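>
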Amino acid sequence: MQKSHDLAPDSAQPAVRTVVVPAAGMGTRFLPATKTVPKELLPVVDTPGIELIAEEAAALGAERLAIVVAPEKQEIMRHFGEFSALRNRLMERGKDEQAEKVSRANGLIHAVAVTQDEPLGLGHAVGCAEAALDAEEDVVAVMLPDDLVLPAGVMEKMVRVREEFGGSVLCAFNVTEDEVFNYGVFDVVPADGDVAGVEVLKVRGMVEKPSKEEAPSTLVATGRYLLDRAVFDALTRITPGKGGELQLTDAIELMIQEGHPVHVVVHDGKRHDLGNPGGYIPANVDFGLRDEKYGPALYTAIKQIIADFEAEHPEVLARGEQA
Ligand code: UTP
1 MQKSHDLAPD SAQPAVRTVV VPAAGMGTRF LPATKTVPKE LLPVVDTPGI
51 ELIAEEAAAL GAERLAIVVA PEKQEIMRHF GEFSALRNRL MERGKDEQAE
101 KVSRANGLIH AVAVTQDEPL GLGHAVGCAE AALDAEEDVV AVMLPDDLVL
151 PAGVMEKMVR VREEFGGSVL CAFNVTEDEV FNYGVFDVVP ADGDVAGVEV
201 LKVRGMVEKP SKEEAPSTLV ATGRYLLDRA VFDALTRITP GKGGELQLTD
251 AIELMIQEGH PVHVVVHDGK RHDLGNPGGY IPANVDFGLR DEKYGPALYT
301 AIKQIIADFE AEHPEVLARG EQA
């Protein structure tokens with residue numbers, strides 16, 4: 001098998017050929033919308049989260065997007081279709097910009113569907129994607145479509161870390177002590193070396209949703225993984241955890257225990273959790289404010305909405321002063 005170290009960034013093969021996008025979850029936090037619309041198709045301004053992920057995967061140089069879908073969520077794959085009739089109709093009407101938006105997803109990357117028959121967890125979803133990889137691929141990227149990690153480019157740093165240290169590389173995000181209970185928290189030590197321009201640490205283990213006192217650090221897991229192919233074997237050797245689900249972090253933990261090197265890149269930027277309305281709405285505000293077309297009017301509208309809200313709820317101002 002080819003070693004990761006042989007994959008120089010400028011070699012003919014991209015460092016990562018396949019990006020797995022698990023999208024077969026039930027999206028219960030987004031009901032009732034997700035009764036009929038997969039949450040991965042909900043738009044950030046006008047673009048579905050899954051298209052933003054496809055863009056990130058294409059920028060990484062990947063060739064294939066293996067989208068893990070549930071039998072009832074095949075709509076997601078249609079988004080990557082050609083839509084030539086619609087495109088032609090728009091072109092005929094001089095709507096070139098809209099026509100370009102229609103073809104964009106299809107032109108970004110080759111999307112293939114992998115079916116997960118039942119939502120048996122993120123680990124199980126990733127395991128289903130092994131068949132999408134070619135025999136000689138020794139590494140796979142996993143990107144969660146409900147996690148926007150900004151600015152883009154963190155996966156490129158993770159590739160450089162794997163070139164230096166081998167093994168698998170995860171992405172960590174620094175939160176406050178009061179937020180750790182929501183996340184998988186990394187137990188880290190300094191790495192035995194460095195990579196220019198990247199904050200990298202070695203992972204000893206992970207603690208799921210710890211209390212502030214139990215948390216080994218304030219570095220939490222995000223939805224970006226660069227995993228050695230060995231993860232597929234580890235996934236067959238773990239047992240289901242909470243809710244009968246196979247957890248990806250359990251497979252990574254097993255690999256660490258068996259001596260597989262795992263490092264984290266500490267992300268220097270921000271993230272948006274599109275998986276629930278509380279994270280999805282701020283993501284839309286953030287992207288909307290930066291949008292050339294909608295930004296200026298949105299800025300005025302939001303200021304007015306906040307002013308009206310504060311007038312109706314003076315207690316929020318008092319709370320703000322206390323904070
Ligand atoms: P989440 O737990 O955030 O997604 O999984 P969910 O299960 O759809 O959300 P809720 O809790 O019911 O609201 C993270 C990612 O893993 C995928 C999800 O689609 C999401 O992109 N996933 C999760 C699968 O593909 N299969 C699963 O069995 C579970």
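Numbering of the sequence shown is given in full-length UniProt numbering, commencing with residue 1 and proceeding in unit increments.
Just so you know, even glycine gets a beta-carbon here, dropped at the ideal spot from N, CA and C.
A quick note: this is a predicted structure, and the numbers were derived from the prediction, not measured.
1) Which stretch, first to last residue, makes up the beta strand (DSSP E) that contains T222?
2) Out of L86, G123, P32, A23, which one is the CA nearest neighbour of Q74?
3) Using C-beta distances below 8 Å, list every residue in its chain close to E51, excluding the 5 sequence neighbours before and after it, in chain order.
4) Does the beta carbon of R271 fall short of 8 Å from some heavy atom of ligand 1?
5) Please classify V189 as buried or exposed, where buried requires at least 16 other C-beta atoms within 10 Å of its C-beta.
6) Is it the case that the CB of P22 approaches a heavy atom of ligand 1 more closely than 8 Å?
7) CA-CA distance, E253 and A132?
8) Given this structure, state the Cα-to-Cα distance separating H124 from M206, to the nearest angstrom.
9) For A70, collect the residues of the same chain with a Cβ closer than 7 Å to its Cβ; drop the 5 residues on either side in sequence, then sort them by chain order.
10) Where does G61 fall in DSSP's three states?
11) Any idea if F173 is buried or exposed, counting beta-carbon neighbours within 10 angstroms, 16 or more meaning buried?
12) Does DSSP put I252 in a helix, in a strand, or in coil?
13) Cutting at 7 Å between CB atoms, please list the residues of its own chain near E164, excluding the five before and the five after it.
14) Return the Cβ separation of V266 and L219 in integer angstroms, given the expectation that the two are a contact with Cβ distance under 8 Å.
15) Taking DSSP's pairing of strands, which residues face M143 in a bridge?
16) Counting along the chain, where does the alpha helix (DSSP H) carrying E72 start and finish?
17) Once you ignore the five residues that flank G27 on each side, which residues in its own chain have a CB closer than 6 Å to its CB?
18) Do V139 and L170 come within 9 Å of each other at the CB atom, strictly closer than that value?
19) Would you please state the rounded distance, in angstroms, between the beta carbons of V264 and L201? I believe it to be under 8 Å.
20) Are there any heavy atoms of ligand 2 lying less than 8 Å away from the beta-carbon of D146, as far as the coordinates show?
21) Check whether the Cβ atoms of D228 and M255 lie closer than 9 Å to each other.
Reading off the structure:
1) In the sequence shown, the residue the question calls residue 222 occupies position 222. Where T222 is concerned, the enclosing beta strand (DSSP E) stretches over 219–228.
2) To locate residue 74, count along the sequence shown from 1; it is residue 74. Nearest C-alpha to Q74: A23.
3) On the sequence shown, residue 51 is found 51 positions in, with the first residue counted as 1. Counting only Cβ-Cβ distances below 8 Å, and skipping sequence neighbours, we find H79, R104, A105, L108.
4) Counting from one through the sequence shown, the residue named residue 271 turns up at place 271. Because no heavy atom of ligand 1 lies under 8 Å away, the Cβ of R271 does not count as near it: no.
5) Walking along the sequence shown from the start, residue 189 turns up at place 189. Under this definition V189 is an exposed residue.
6) The residue given as residue 22 occupies position 22 in the sequence shown. It does: the Cβ of P22 is within 8 Å (strictly closer) of some heavy atom of ligand 1.
7) The residue labelled residue 253 in the question sits at position 253 within the sequence shown. The residue labelled residue 132 in the question sits at position 132 within the sequence shown. Each residue's alpha carbon lies about 24 Å from the other.
8) Here residue 124 is taken as the residue at index 124 of the sequence shown, counted from 1. Here residue 206 is taken as the residue at index 206 of the sequence shown, counted from 1. If I take the Cα positions, the gap works out to 19 Å.
9) By one-based count along the sequence shown, residue 70 stands at place 70. Cβ neighbours of A70 beyond the five flanking positions: A24, Q116, P119.
10) To locate residue 61, count along the sequence shown from 1; it is residue 61. Looking at G61 - three-state DSSP - the assignment turns out to be coil, as it is neither helix nor strand.
11) Your numbering for residue 173 matches position 173 in the sequence shown. With 16 or more other Cβ atoms within 10 Å, it is buried.
12) For the purposes of this step, residue 252 is identified with residue 252 of the sequence shown, where counting begins at 1. In this structure, I252 counts as helix in the three-state DSSP scheme.
13) Reading the sequence shown from its first residue, position 164 is the one you call residue 164. The residues are G193, V195.
14) Taking the sequence shown and counting its residues from 1, the one referred to as residue 266 is at position 266. Taking the sequence shown and counting its residues from 1, the one referred to as residue 219 is at position 219. That belief holds up - the Cβ atoms of V266 and L219 are roughly 6 Å apart, short of 8 Å.
15) Locating residue 143 in the sequence shown gives position 143, where the first residue counts as 1. In the DSSP output, where bridge partners are listed per residue, M143 has R224.
16) As a working note, residue 72 is residue 72 in the sequence shown. First-last for E72: undefined, no H or E at that position.
17) Within the sequence shown, residue 27 is the residue found at index 27, counting from 1. Around G27: T34, K39.
18) Numbered from its first residue, the sequence shown carries residue 170 at position 170. Numbered from its first residue, the sequence shown carries residue 139 at position 139. Going by C-beta atoms, L170 is not nearer than 9 Å to V139.
19) Position 264 of the sequence shown holds residue 264. Position 201 of the sequence shown holds residue 201. With a Cβ gap of about 5 Å, V264 and L201 count as contacting.
20) In the structure on display, ligand 2 does not appear, and the ligands it does have are ligand 1.
21) Taking the sequence shown and counting its residues from 1, one reaches residue 228 at position 228. Taking the sequence shown and counting its residues from 1, one reaches residue 255 at position 255. For D228 and M255, yes; Cβs fall inside 9 Å.
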